[in-house]
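Numbering-wise, the sequence shown is residues 861 to 1092 according to the numbering used here.
Using N, Cα and C, we set each Cβ at its ideal position, and we do this for glycine too.
Model, not experiment: these values are computed from the prediction.
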Amino acid sequence: MEEKLIEVQNISKSYGLKGHELHVLKEISLEVFKKDRIMVVGPSGVGKSTLLHLMGGLDRPNQGDVLFRGESLFKRSDRFRSQWRNEHIGFVFQFYHLLPEFSAVENVAIPSMVYLKKRGLTKKMVLEKARHLLDQVQLADRALHRPNQMSGGEQQRVAIARALMNDPELILADEPTGNLDSATGEKIQALLLELNEKNGSALVVVTHDEKWSEQTNRLITMMDGRINANLH
Ligand SMILES: Nc1ncnc2c1ncn2[C@@H]1O[C@H](COP(=O)(O)OP(=O)(O)OP(=O)(O)O)[C@@H](O)[C@H]1O
Ligand SMILES: [Mg+2]
């Protein structure tokens, strides 16, 4: 049995809009183990991104908790959660969230630029690794471009490279190949699968891309705020 990384415990999430409560997630529980490859599917608006954000400690549930190696995320401070995320989680946002004033290579490097001393790294080492990651997502020749000088698919690949910067144990990826042609999408998929195999990084991928379905060990289908998990 692999080590349990994440335990989602009975979380509910609603958004309050002027008396019209929108119950997006209803008492969802879910476990993620090392080496897992999980695919999350469901119709638009069902709450896939919301669930991923809660698992990454980016947003708070109204009820329930998320444990990482048995430790509560939501009983701790925002500061704790952002340090924890920086250290353990690679998050690929559906809409990338690159910093507009920085180049591609700087965007990729940012997660390692904090706690440089603690990690025993120099800026030069970090930028070298960022360039290597850009190369792995086929963007070596776009290193100095800013986000607004890149296509959507290029920005998506920068966001993926950034998520890999700190060798995360868990990669939470929201439609990571949604904006890519099929050949480029396959290369990105191969890169994520290789990390899963070599380092044991767990993958939770929200995707409509059929190519993922043969590659995952669990399929989570979301419907009406609940999940239905199947082993492949
Ligand atoms: N901050 C917010 N305030 C109010 N409602 C929100 C907020 N964020 C999301 N929602 C609503 O919550 C629901 C779930 O949103 P979410 O982004 O998780 O869906 P999704 O499954 O990722 O959809 P998609 O496939 O289109 O990306 C949607 O109906 C959305 O309108
Ligand atoms: Mg979404």
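Quick check on residue i: buried or exposed, where buried means 16 or more other Cβ atoms within 10 Å of its Cβ?
i, result
"G907", "buried"
"F896", "One point to set straight first is that residue 896 is Asp, not Phe, in the sequence displayed. Classification for D896: buried."
"K878", "exposed"
"L822", "Past the boundaries of the shown model lies residue 822; the chain is included only from 861 to 1092, so the question cannot be answered."
"M1025", "buried"
"N870", "exposed"
"N1059", "exposed"
"G905", "exposed"
"K989", "buried"
"V974", "exposed"
"D1034", "buried"
"Q1016", "buried"
Figure out for me which residue from the options has the closest Cα to the Cα of residue i.
i, options, result
"L1032", "Q943, L914, S872", "L914"
"E867", "F934, I970, D1001, D1084", "F934"
"L1055", "D919, K864, D1027, M899", "D1027"
"E947", "L976, P921, P903", "L976"
"R1022", "G980, T1067, P971", "P971"
"R1078", "R1017, A1000, V892", "V892"
"T982", "L993, H992, A969", "A969"
"S1061", "V884, R991, F955, I898", "I898"
"G930", "K864, E961, A1000", "K864"
So for residue i, helix, strand or coil by DSSP?
i, result
"N870", "strand"
"N1088", "strand"
"V986", "helix"
"H1005", "coil"
"R945", "helix"
"T1081", "strand"
"F940", "helix"
"D925", "strand"
"G811", "Since the first residue shown for the chain is 861 and the last is 1092, residue 811 is missing from the structure and cannot be characterised."
"K864", "strand"
Quick one: does the C-beta of residue i sit closer than 6 Å to a heavy atom of ligand 1?
i, result
"N956", "Note on residue identity: the sequence assigns Tyr, not Asn, to residue 956. No, the Cβ of Y956 stays beyond 6 Å of every heavy atom of ligand 1."
"S904", "yes"
"V926", "no"
"Y975", "no"
"V884", "yes"
Please find out if some non-hydrogen atom of ligand 3 comes closer than 6 Å to the beta-carbon of residue i.
i, result
"L877", "In the structure on display, ligand 3 does not appear, and the ligands it does have are ligand 1 and ligand 2."
> How would the residue list near ligand 2 read, in chain order, if you kept each one whose beta-carbon is closer than 7 Å to any heavy atom?
Replying inline: With 7 Å as the limit between CB and the heavy atoms of ligand 2, the residues that fall short of it are K908, S909, Q954, D1034, E1035, V1066.
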